[in-house]
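K.L.:
To start, I am sharing the structure in question, which I have written as structure tokens.
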Amino acid sequence: MIEVKKLVKRFGLKTILRGLDFSVEPGEFVALLGPNGAGKTTFLRILATLSRPSLGAVNVAGYQLPNQAAQVRAKLGVVSHMPLLYPDLTAEENMRFYGRMYGIGKIEERITEVLEMVGLENRRKDLVRTFSRGMQQRLAIGRAVIHDPEVMLFDEPYTGLDQDASEMLDDVLRTVAAEGRTVVMTSHDLVRAEELATRFDILSRGVIAASTTQKQLKETNLLSFYKQALAD
Amino acid sequence: MMDIKPEIADNRPQTVGRSSSIIHRPSFIKATLAIIQKDLSAEFRSFELISAMLVFSLLVIIIFNFALELDVKVRQSVTSGVLWATFAFAGTLGLNRSMSVEKDRGCMDGLLLAPVDRSVIYFGKAISNLIFMLIVEAVVLPVYSMLYNVNLFRLDLLGVILLGSIGYAAVGTLLSTMSAQTRTREVLLPILLFPVAMPVLLASVKASSGLLAGAEFSEVLAPLNLLIVYDVIFIAIAFMVFDFVVEE
Chain A
1 MIEVKKLVKR
11 FGLKTILRGL
21 DFSVEPGEFV
31 ALLGPNGAGK
41 TTFLRILATL
51 SRPSLGAVNV
61 AGYQLPNQAA
71 QVRAKLGVVS
81 HMPLLYPDLT
91 AEENMRFYGR
101 MYGIGKIEER
111 ITEVLEMVGL
121 ENRRKDLVRT
131 FSRGMQQRLA
141 IGRAVIHDPE
151 VMLFDEPYTG
161 LDQDASEMLD
171 DVLRTVAAEG
181 RTVVMTSHDL
191 VRAEELATRF
201 DILSRGVIAA
211 STTQKQLKET
221 NLLSFYKQAL
231 AD
Chain B
233 MMDIKPEIAD
243 NRPQTVGRSS
253 SIIHRPSFIK
263 ATLAIIQKDL
273 SAEFRSFELI
283 SAMLVFSLLV
293 IIIFNFALEL
303 DVKVRQSVTS
313 GVLWATFAFA
323 GTLGLNRSMS
333 VEKDRGCMDG
343 LLLAPVDRSV
353 IYFGKAISNL
363 IFMLIVEAVV
373 LPVYSMLYNV
383 NLFRLDLLGV
393 ILLGSIGYAA
403 VGTLLSTMSA
413 QTRTREVLLP
423 ILLFPVAMPV
433 LLASVKASSG
443 LLAGAEFSEV
453 LAPLNLLIVY
463 DVIFIAIAFM
473 VFDFVVEE
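Sequences listed follow chains A and B, in order. The first sequence begins at 1 in this note's numbering and counts up one residue at a time. The second sequence begins at 233 in this note's numbering and counts up one residue at a time.
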């Protein structure tokens with residue numbers, strides 16, 4: 001579903017990604033872990049077509065980047081630590097706007113379906129600026145799945161959420177993943193990542209330094225694996 | 233691993249999402265209208281942008297009203313200059329605000345993630361900005377007419393104001409998209425915008441003052457033609473370069 005080969009990203013003289021190789025099978029939930037400045041967000045922005053690779057080959061959902069970016073965007077849902085929602089519009093107006101941008105038919109039915117999925121059906125007429133951070137993040141997931149994408153990218157979705165909101169987000173993330181979508185998530189929350197993901201890749205100094213699966217982790221835990229990968 | 237063949241992928245039907253019954257990629261016009269409607273709905277709920285532009289515009293014309301001589305001839309001769317200075321500065325306020333709404337909460341990324349040509353975003357934002365400018369102008373003109381005792385409600389003059397506003401919104405939207413990505417956007421936008429928009433402003437002032445001085449239409453044809461040419465050039469350039477402006 002995602003195939004990245006020898007990806008390099010430079011900002012001026014600074015090289016962020018240094019020949020990164022990465023691939024994700026359909027239906028996999030991959031947690032991309034790593035210290036600050038490792039290049040996780042940069043990498044996710046390239047997959048999301050928001051940033052152009054300097055060198056290397058990137059294929060998402062069968063389309064090549066950057067040449068077929070519009071086709072890739074149609075298959076992608078992206079959630080970042082910012083909600084990408086308009087505070088002066090209601091929840092349903094935000095959904096309707098994004099629905100129109102994706103050309104969704106039967107839009108009202110889909111809005112109801114998505115708002116029910118993220119547990120905000122009874123707040124659909126409320127302005128987004130009156131929502132708590134947790135509710136905004138759930139609505140952001142609704143926005144990202146409104147067009148029923150094949151691939152979901154989550155960039156630090158737990159940033160700024162309290163315990164209750166994080167648990168609620170866990171449920172929504174599980175629902176999203178359970179629908180057979182391919183998911184790539186960056187996170188610093190190793191406990192949550194360990195519960196949700198099926199594979200764990202450690203990004204360090206612009207390359208994937210180590211990778212393991214949930215099955216392989218049974219002998220150890222994610223924190224030990226993470227520390228070991230960074231120490232190497 | 234899935235076998236990826238871009239040349240085959242190109243021929244796929246342009247449906248979006250896993251269930252093909254859900255969606256089809258939206259047309260250019262529908263997506264542009266969605267952005268305009270979104271901007272208008274948000275603004276008519278908060279009135280943050282229009283009220284800031286209006287208060288600023290009214291303050292400027294009131295200050296000029298006190299600062300200028302009460303002589304009718306002098307007032308008539310400075311009318312177009314005062315008007316366009318007001319529109320230009322108020323327009324900058326609106327452009328800054330309009331783009332910072334998109335940038336501050338990451339909504340620009342939301343727009344960029346939509347499977348539409350990125351010029352849709354430019355045209356949607358430019359038309360919204362133009363509508364906000366026209367609303368402010370629709371309030372400023374009668375107030376100005378009353379304060380300065382000048383009749384500004386003439387079709388030819390309104391046409392010049394419309395053409396000038398189109399050019400200003402066209403180039404302003406492009407430059408505000410660039411400046412919104414910097415920390416000093418409030419300062420940077422006027423620094424970038426005024427030199428670039430100068431031909432539009434000069435042609436607008438020239439055509440407006442000619443019409444207000446009672447000149448024949450043929451006499452103001454030159455600045456008017458210039459204004460139309462600049463509008464077309466600015467829109468064409470913005471259409472071509474917008475993709476590069478929003479790209480990382």
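Using N, Cα and C, we set each Cβ at its ideal position, and we do this for glycine too. Owing to the predicted nature of the structure, the values given are computational and were not obtained by experimental measurement.
Return the CA-CA distance between L389/B and S440/B, expressed in angstroms with no decimal places.
P.N.:
Counting from 1 along the second sequence, the entry for residue 389/B is found at position 157. Counting from 1 along the second sequence, the entry for residue 440/B is found at position 208. Rounded to whole angstroms, L389/B to S440/B spans 6 Å at the Cα level.
K.L.:
With 16 as the cutoff for other CB atoms within 10 Å, does R386/B come out buried or exposed?
P.N.:
Residue 386/B sits at position 154 when you count from the first residue of the second sequence. R386/B comes out exposed.
K.L.:
If you check the beta carbons only, do M152/A and G77/A fall under 7 Å apart?
P.N.:
As a first step, residue 152/A is located in the first sequence; it is residue number 152 there, counting from the start. As a first step, residue 77/A is located in the first sequence; it is residue number 77 there, counting from the start. It is a contact, given that the beta carbons lie within the stated cut-off.
K.L.:
Hey, is the stretch 367 to 379 of chain B in contact with the stretch 112 to 128 of chain A, meaning 3+ C-beta pairs nearer than 8 Å?
P.N.:
They do not touch, by the three-pair rule.
K.L.:
Which same chain residues, not among the five before or five after V310/B, have their C-beta less than 7 Å away from its C-beta?
P.N.:
The residue given as residue 310/B occupies position 78 in the second sequence. These residues qualify, in order along the chain: L300.
K.L.:
Contact between the stretch 427 to 440 of chain B and the stretch 399 to 406 of chain B is defined here as three or more beta-carbon pairs at a separation below 8 Å; is this criterion met?
P.N.:
They touch, by the three-pair rule.
K.L.:
I need the straight-line Cα distance from E28/A to S397/B, nearest angstrom please.
P.N.:
One-based indexing of the first sequence puts residue 28/A at position 28. One-based indexing of the second sequence puts residue 397/B at position 165. Going from the Cα of E28/A to the Cα of S397/B covers about 51 Å.
K.L.:
For L223/A, which option in N94/A, L203/A and D189/A has the closest C-alpha, if you only look at C-alpha atoms?
P.N.:
Here residue 223/A refers to the residue found at position 223 when the first sequence is read from its first residue. If we check each option's Cα against that of L223/A, D189/A comes out closest.
K.L.:
Quick check on the burial criterion: 16 or more other C-beta atoms within 10 angstroms. Buried or exposed for E369/B?
P.N.:
For this step, residue 369/B is matched to residue 137 along the second sequence. That one is buried.
K.L.:
Note down, in chain order, each residue of its chain lying with its Cβ closer than 7 Å to the Cβ of I293/B, except the 5 sequence neighbours on either side.
P.N.:
Your numbering for residue 293/B matches position 61 in the second sequence. If we look at I293/B and ignore the five residues flanking it on each side, its Cβ neighbours are V314, T318, V372, V375, Y376 and L379.
K.L.:
Would F225/A be called buried (16 or more neighbouring beta carbons within 10 Å of its own) or exposed?
P.N.:
Numbered from 1 along the first sequence, position 225 holds the residue referred to as residue 225/A. Buried, because 16 or more other Cβ atoms sit within 10 Å of the Cβ of F225/A.
K.L.:
Taking L84/A and R277/B to be in contact with their CB atoms under 8 Å, please state how far apart those CB atoms are, rounded to whole angstroms.
P.N.:
As a working note, residue 84/A is residue 84 in the first sequence. As a working note, residue 277/B is residue 45 in the second sequence. Going by Cβ atoms, the distance from L84/A to R277/B rounds to 19 Å, so no, they are not a contact pair.
K.L.:
Output needed for P87/A: all residues of its chain with C-beta closer than 6 Å, excluding positions within five of it in sequence on either side, in chain order.
P.N.:
Along the first sequence, read from residue 1 onward, the residue named residue 87/A stands at position 87. Excluding sequence neighbours, P87/A sits near V128 and R129.
K.L.:
Roughly how many angstroms lie between the CA atoms of L32/A and T186/A, to the nearest whole one?
P.N.:
Numbered from 1 along the first sequence, position 32 holds the residue referred to as residue 32/A. Numbered from 1 along the first sequence, position 186 holds the residue referred to as residue 186/A. C-alpha separation (whole angstroms): 5 Å.
K.L.:
Identify each residue in the stretch 296 to 307 of chain B for which the Cβ-Cβ distance to at least one residue of chain A is less than 8 Å, and report them in chain order.
P.N.:
Against chain A - using a Cβ distance shorter than 8 Å - the stretch 296 to 307 of chain B contributes no residues.
K.L.:
List, from N- to C-terminal side, the alpha helix (DSSP H) runs of 4 residues or more that fit wholly inside the stretch 348 to 405 of chain B.
P.N.:
Listed in chain order, they are 351 to 380.
K.L.:
State the start and end residues of the unbroken alpha helix (DSSP H) segment that holds L196/A.
P.N.:
As a working note, residue 196/A is residue 196 in the first sequence. From DSSP, the alpha helix (DSSP H) with L196/A extends over L190 to L196.
K.L.:
Just to make sure I have the definition right: I need the residues of chain A whose C-beta is within less than 8 Å of the C-beta of G338/B. Which are they?
P.N.:
As a working mapping, residue 338/B is identified with position 106 in the second sequence. Within chain A, the residues near G338/B are S80, M82, P83 and L84.
K.L.:
According to DSSP, simplified to helix, strand and coil, what is A91/A?
P.N.:
For the purposes of this step, residue 91/A is taken as the residue at position 91 of the first sequence. Helix at A91/A.
K.L.:
Which residue marks the beginning of the alpha helix (DSSP H) containing M152/A, and which one marks its end?
P.N.:
Here residue 152/A refers to the residue found at position 152 of the first sequence. Segment V151 to D155 is the beta strand (DSSP E) holding M152/A; no alpha helix (DSSP H) there.
K.L.:
Output needed for A69/A: all residues of its chain with C-beta closer than 6 Å, excluding positions within five of it in sequence on either side, in chain order.
P.N.:
As a working mapping, residue 69/A is identified with position 69 in the first sequence. Cβ within range, chain order: T49.
K.L.:
Using the three-state DSSP reduction, which class does F43/A fall into: helix, strand or coil?
P.N.:
The residue labelled residue 43/A in the question sits at position 43 within the first sequence. Reduced to three states, the DSSP call for F43/A is helix.
K.L.:
In the DSSP assignment, find the beta strand (DSSP E) that holds K335/B and state where it starts and stops.
P.N.:
Sequence index remark: in the second sequence, residue 335/B carries index 103 (1-based). Unbroken run through K335/B is the alpha helix (DSSP H), V304 to D336; no beta strand (DSSP E).
K.L.:
Who are the near neighbours of G62/A in its chain, counting only those whose CB is closer than 7 Å to its CB and skipping five residues on each side?
P.N.:
Taking the first residue of the first sequence as 1, we reach residue 62/A at position 62. Cβ neighbours of G62/A beyond the five flanking positions: none.
K.L.:
With a cut-off of 8 Å, do at least 3 Cβ pairs link the stretch 136 to 144 of chain A to the stretch 113 to 120 of chain A?
P.N.:
Touching, per the Cβ criterion.
K.L.:
Which two residues bound the contiguous alpha helix (DSSP H) that contains A144/A?
P.N.:
If you number the first sequence from 1, residue 144/A lands on position 144. A144/A -> alpha helix (DSSP H) spans R133 to V145.
K.L.:
Name the DSSP bridge partner or partners of R199/A?
P.N.:
Looking up residue 199/A in the first sequence gives position 199. For R199/A, which the question treats as bridged, DSSP gives the partners V30/A and T213/A.
K.L.:
Distance cutoff 7 Å, beta carbons only. Does F97/A sit that close to anything in chain B?
P.N.:
Position 97 of the first sequence holds residue 97/A. So, interface residue.
K.L.:
Taking 7 Å as the CB-CB limit, is R277/B close to chain A?
P.N.:
Residue mapping note: residue 277/B aligns to position 45 of the second sequence, counting from 1. At least one chain A Cβ lies under 7 Å of R277/B.
K.L.:
Helix, strand or coil for M185/A per DSSP?
P.N.:
The residue given as residue 185/A occupies position 185 in the first sequence. Note: M185/A maps to strand in three-state DSSP.
K.L.:
Could you check what DSSP says for N59/A in three-state terms: helix, strand or coil?
P.N.:
Numbered from its first residue, the first sequence carries residue 59/A at position 59. Note: N59/A maps to strand in three-state DSSP.
K.L.:
Since T198/A and Q214/A are thought to touch, with beta carbons under 8 Å apart, how far apart are those beta carbons, to the nearest angstrom?
P.N.:
Sequence index remark: in the first sequence, residue 198/A carries index 198 (1-based). Sequence index remark: in the first sequence, residue 214/A carries index 214 (1-based). Confirmed, about 5 Å.
K.L.:
Write down the C-beta distance between L459/B and V432/B rounded to the nearest angstrom, noting that I regard them as a contact closer than 8 Å.
P.N.:
Translated into positions along the second sequence, residue 459/B becomes position 227. Translated into positions along the second sequence, residue 432/B becomes position 200. That pair is a contact at about 7 Å.
K.L.:
Output needed for R96/A: all residues of its chain with C-beta closer than 7 Å, excluding positions within five of it in sequence on either side, in chain order.
P.N.:
Counting from one through the first sequence, the residue named residue 96/A turns up at place 96. Within the same chain, R96/A has close Cβ partners I107 and I111.
K.L.:
Does the beta-carbon of F260/B have 16 or more other beta-carbons within 10 angstroms, so that it is buried, or is it exposed?
P.N.:
Locating residue 260/B in the second sequence gives position 28, counting from the first residue. Per the 10 Å Cβ criterion, exposed.
K.L.:
Express the C-alpha separation of A274/B and I104/A in angstroms, rounding to a whole number.
P.N.:
In the first sequence, counting from the first residue as 1, residue 104/A sits at position 104. In the second sequence, counting from the first residue as 1, residue 274/B sits at position 42. Approximately 21 Å, taken between the alpha carbons.
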